[in-house]
Amino acid sequence: MIKIPKFGDFEIDGKFIFEIGGKNKTYKQIKNEKNAFIVSDDILTGAYNKIPLWLFGFLY
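Quick note on numbering: our numbering labels position 5 of the sequence shown as -10, and the sequence is numbered without any gaps.
Written out as structure tokens, the structure reads:
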């Protein structure tokens, strides 16, 4: 189930929070959230809790 959380852009199954943004997006909005990730455009590889937006295209 997809919900809109208090912090971040999307919450999936009540477990994972995703914040969508560009390559310079920071963790400021989700810094205190558990299982929170930044989904960034204009990056080729991810690191730590930052995931490239293009990888979500493989799930479609």
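Where is the CB? At the ideal position from N, CA and C, for every residue including glycine.
What you are looking at is a predicted structure, and each value in this text was computed from that prediction instead of being measured.
When the Cα atoms are used, what is the spatial distance from residue i to residue j?
i       : j       : result
Gly42   : Ile5    : 14 Å
Lys(-9) : Asn17   : 12 Å
Trp39   : Val24   : 9 Å
Phe1    : Tyr33   : 15 Å
Thr30   : Gly(-7) : 21 Å
Met71   : Glu(-4) : This structure gives no information on residue 71, because the portion of the chain shown stretches from -14 to 45.
Asn9    : Ile36   : 13 Å
Between residue i and chain D, is the shortest Cβ-Cβ distance under 8 Å, so that the two count as touching?
i    : result
Glu4 : Protein chain content of the structure displayed is limited to a single chain, and chain D is not contained in it.
Ordered list of beta strand (DSSP E) runs contained in the stretch -12 to 41, each at least 3 residues: Correct list: -5 to -3, 1 to 6, 21 to 25, 35 to 37.
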